[in-house]
Structure formats: structure tokens, C-alpha cells
Amino acid sequence: MQVTLASELTEWDDFVARSQDSTFAHLAGWRNIMRDVLRHRCLYLIARDDHQRIAGVLPLVQVKGLAGHFLVSVPFVNDGGPIGTAGARTALTEFAVAEAQRIGAGLLELRNRTEVVGPVQHSFRKVAVHLPLPPSLEELWSTTFKAKLRSQIRRPAKEGMTATVGSDQLDAFYRVFSRNMRDLGTPVLPRAFFSGLLSAFGDRVMFVTVYTADGRPAAASCSLQWREELEVTWASSLREYNKLSPNMLLYGTMMEQAISRGARVFNFGRSSPGSATHKFKQQWGGHDVQLPWAFWSRSAEVGTPSADSRAFQLAQAAWKRMPLAVANLLGPFLSRQLP
Numbered sequence: 060m061q062v063t064l065a066s067e068l069t070e071w072d073d074f075v076a077r078s079q080d081s082t083f084a085h086l087a088g089w090r091n092i093m094r095d096v097l098r099h100r101c102l103y104l105i106a107r108d109d110h111q112r113i114a115g116v117l118p119l120v121q122v123k124g125l126a127g128h129f130l131v132s133v134p135f136v137n138d139g140g141p142i143g144t145a146g147a148r149t150a151l152t153e154f155a156v157a158e159a160q161r162i163g164a165g166l167l168e169l170r171n172r173t174e175v176v177g178p179v180q181h182s183f184r185k186v187a188v189h190l191p192l193p194p195s196l197e198e199l200w201s202t203t204f205k206a207k208l209r210s211q212i213r214r215p216a217k218e219g220m221t222a223t224v225g226s227d228q229l230d231a232f233y234r235v236f237s238r239n240m241r242d243l244g245t246p247v248l249p250r251a252f253f254s255g256l257l258s259a260f261g262d263r264v265m266f267v268t269v270y271t272a273d274g275r276p277a278a279a280s281c282s283l284q285w286r287e288e289l290e291v292t293w294a295s296s297l298r299e300y301n302k303l304s305p306n307m308l309l310y311g312t313m314m315e316q317a318i319s320r321g322a323r324v325f326n327f328g329r330s331s332p333g334s335a336t337h338k339f340k341q342q343w344g345g346h347d348v349q350l351p352w353a354f355w356s357r358s359a360e361v362g363t364p365s366a367d368s369r370a371f372q373l374a375q376a377a378w379k380r381m382p383l384a385v386a387n388l389l390g391p392f393l394s395r396q397l398p
């Protein structure tokens with residue numbers, strides 16, 4: 060098995076489309092976003108068999124900054140590890156470890172849905188929650204949504220809240236998202252990151268905004284669809300509207316839209332097990348899916364910077380006190396260093 064660095068990606072998406080284990084994170088369009096928007100060096104690896112046919116691929120992104128030096132597949136999303144034949148996945152993993160050692164990275168992280176074979180260990184610090192979707196909206200409301208959920212989803216509408224879906228919701232989404240990230244103590248990704256998603260992936264990207272009765276955005280999300288799965292990758296709601304539960308209307312709307320788009324799995328995205336976010340996702344009736352991310356570390360690190368660490372928590376506390384305008388100015392510069 061021969062592994063090389065791809066300069067052109069003309070064959071890449073064709074292989075990804077044929078691979079049963081591929082995800083949204085494997086699409087070639089991410090390279091332009093990581094390189095042109097976030098200014099990261101990208102190493103897109105291709106494994107070929109003895110007949111020079113593509114047997115596997117692995118997108119890698121080098122992230123260097125104040126938080127450390129990382130090689131990640133793929134930063135800022137939840138998937139992107141090696142896919143292809145068993146031999147190709149092993150060869151790609153071995154190449155990635157050797158490359159991390161060669162460039163002096165402190166940590167290699169392969170964000171997989173299944174364990175990989177190679178000179179790596181596995182971290183089980185994150186889980187996803189998947190909810191099977193019925194084929195119709197009627198079944199969603201009558202069967203999937205239990206009585207308590209139906210009441211919680213309808214409550215915001217009774218308060219005059221409405222949900223709007225479309226690419227024209229990018230600005231409203233970013234207004235809510237940037238404010239919420241400051242309140243959480245986390246630097247926000249640049250707006251250009253999300254406009255880049257629309258440019259690269261079009262209607263595979265879905266923005267939803269929940270508005271108050273007087274037209275103010277209260278909650279919003281950005282979801283990504285791949286085949287029959289819709290994944291909620293970024294979702295936020297503003298704290299002053301918590302008592303009206305706009306996030307319940309937000310998620311209910313996303314599930315309705317997922318069914319209308321032909322999705323059969325609603326992926327709530329990753330969480331730390333037992334966290335408040337994890338419990339919110341579990342209440343919808345889905346099941347946990349362990350994320351066995353593979354890693355090689357030069358030291359004792361088992362993953363990229365996490366809100367679970369003491370140092371991260373101290374930084375969060377300081378960031379929460381920062382004026383919103385300053386946080387939105389500095390956030391895009393710092394967020395690119397926190398994969």
C-alpha cells in the first residue's frame with residue numbers, strides 16, 4: 060500500500076461518495092476552508108493499492124498556536140479519520156503518526172467513528188447522540204415526540220416565536236452564535252468559516268433561526284447533511300430567553316426539516332458524557348454512540364484542548380467577562396488555534 064500527499068483532489072470526492080464509512084468531514088471542500096479561511100496547512104493523504112487504485116483517504120490539518128501544535132482530522136468537526144480498506148486505514152494511520160513525529164506535533168488526533176489499527180491509542184472522552192427518524196412528520200409528532208416533548212416544542216410558538224430556515228439565516232445565526240460563545244467563554248469561529256461552508260457545500264448546509272415575537276433572533280443552528288444523516292454541528296440559544304425554551308422549537312424544526320430532506324438519522328453531535336448538553340440531547344429519545352477517537356501523543360495529552368481541563372476553565376472565566384465587541388474581534392484569531 061502506497062501513501063502519498065494529494066496535490067489535486069479531482070478523484071477525492073468520487074472515492075468519498077463510494078465509501079460506506081465516509082462522512083461530511085471527508086469532503087474535499089474542507090481543504091479550502093481550512094487553508095483559505097483559517098490559514099492552516101492541509102495534508103490530504105491518499106492510499107493506493109498495487110494497481111494504483113485509491114484504497115483509502117485521510118484528510119489532515121496542521122494546527123499551530125498558543126494552545127499547542129496539533130495534527131487533526133478534521134478540526135472543528137467530529138469526524139474525518141481514515142476511511143477505505145482495512146489495509147489502507149492502517150497504512151494511512153502509520154503515515155499520519157510518522158508525519159506528526161516529523162513535523163514536531165505534540166498530538167495527532169484522528170476523529171473516527173470506529174477504532175483504527177496502528178501505532179495509536181483510543182480516547183473515549185466524547186459521545187454522540189443519534190436519533191432514528193421516522194419517514195413522515197406525522198409519525199415524528201405522534202410517535203417520536205412524547206407528550207412532554209410536544210408540549211415543550213409548542214410552548215415557544217405560543218409565546219409568538221417562529222422558526223425560519225434557509226441560507227439567508229447566516230447573519231442571524233452568527234449573531235446568536237457569537238454572543239453565546241462569548242457567554243460560554245469560548246472564542247468564536249470567524250463568520251467567513253460559515254460562509255465558506257455555504258460556498259463549498261451549498262444546500263447540504265442548513266441554517267435555522269428561532270425569532271421572538273418582536274423579531275429578535277433567540278436561538279440558531281448550523282447543520283450538515285451527508286446521505287441520510289443530518290448532524291447538528293453548531294447550535295446556540297441566548298440565555299435571556301431560556302424561560303421561553305427557544306431551543307426546543309429550534310431542535311423540533313431541525314428534525315422536521317431533516318425528514319423533509321430525506322434524512323433518517325438525526326445526529327445531535329458530540330458531547331462530554333454526563334454533561335448538561337449530553338443530557339439535553341438524551342431527552343429526545345436517541346441513543347449514545349461512542350466516538351473512539353485515535354491519538355498519538357508526544358507527552359501525556361490524550362486529546363486537543365478541552366473545556367474539561369482546569370486551564371481551559373480558567374481561560375473561559377476570563378473570556379466571559381470580556382465585552383462582546385472585543386470578544387468578536389479577538390475570537391476569530393484565537394478560535395483557529397483551538398481545534
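For the sequence shown, the numbering used here begins at 60 and goes up steadily by one. Glycine included, every Cβ here is placed at the ideal spot set by N, Cα and C.
Name, in chain order, the residues that DSSP records as bridge partners for glutamate 191.
According to the sequence displayed, residue 191 carries proline and not glutamate. Its beta-bridge partners are Val324.
Tell me, please, whether the segment 114-132 touches the segment 310-319 by the rule of three or more beta-carbon pairs shorter than 8 Å.
no
Based on the DSSP output, what are the partners of alanine 353 in its beta bridges?
Leu169 and His181
With hydrogens ignored, establish whether the beta-carbon of leucine 256 is closer than 8 Å to any heavy atom of the ligand COA.
Among the ligands in the structure shown, none appear at all, so the ligand COA cannot be discussed.
Please say whether glutamate 290 and phenylalanine 83 have beta carbons closer to each other than 9 Å?
yes
Could you check what DSSP says for valine 247 in three-state terms: helix, strand or coil?
coil
For proline 118 and lysine 302, I'd like the C-alpha separation in whole angstroms.
42 Å
Separation of arginine 214 from glutamate 153, as counted between CA atoms:
52 Å
Can you grab the Cα-Cα spacing for the pair glycine 143 / valine 116, in whole Å?
7 Å
Taking one C-beta from the segment 84-99 and one from the segment 259-271 each time, how about it: are there three or more such pairs within less than 8 Å?
yes
Can you name, in chain order, every residue of its own chain whose Cβ lies under 8 Å from the Cβ of valine 75, other than the five neighbours on each side?
Ser81, His85, Leu86, Ala87, Val116 and Ile142
Evaluate contact between the segment 337-355 and the segment 169-186, counting only Cβ atoms and requiring at least three cross-stretch pairs below 8 Å.
yes
Can you tell me where the beta strand (DSSP E) holding leucine 283 begins and where it ends?
276-285
Is arginine 148 helix, strand or coil when you go by DSSP?
helix
Are at least three pairs of beta-carbons, each pair with one atom in the segment 371-386 and one in the segment 239-246, less than 8 Å apart?
yes
With a Cβ-Cβ cutoff of 9 Å, do glycine 390 and valine 188 count as a contact?
no
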